[in-house]
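Here it is in structure tokens:
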């Protein structure tokens, strides 16, 4: 099944990009998302990737340069 582009996709994508979904989303656009499969899928996928990115960034712990240098000296 091929999804047809929706005329409101850009508006939804912009709200998602700015992190304003769903807080700053008008009720009319929320109703549209529940009816439009294309926009609903866009919101679902974008939110999933954003959540995964923030979890991955939170999990990454980089040591200080001094600690890295110290460990390298010990290994040497």
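Residue numbers (the numbering used here): 810 to 885. From the three backbone atoms N, C-alpha and C, an ideal C-beta is built for every residue, glycine too.
Judged by DSSP secondary structure, residue 879 falls within the alpha helix (DSSP H) whose first and last residues are 874 to 884.
In summary, residue 830 is buried, with 16 or more beta-carbon neighbours lying within 10 Å of its beta-carbon over all protein chains present.
If you check the CB distance, residue 815 and residue 845 come in under 8 Å. Here the alpha carbon of residue 852 sits roughly 13 Å from the alpha carbon of residue 832.
A direct Cα-Cα distance of roughly 37 Å separates residue 839 from residue 870.
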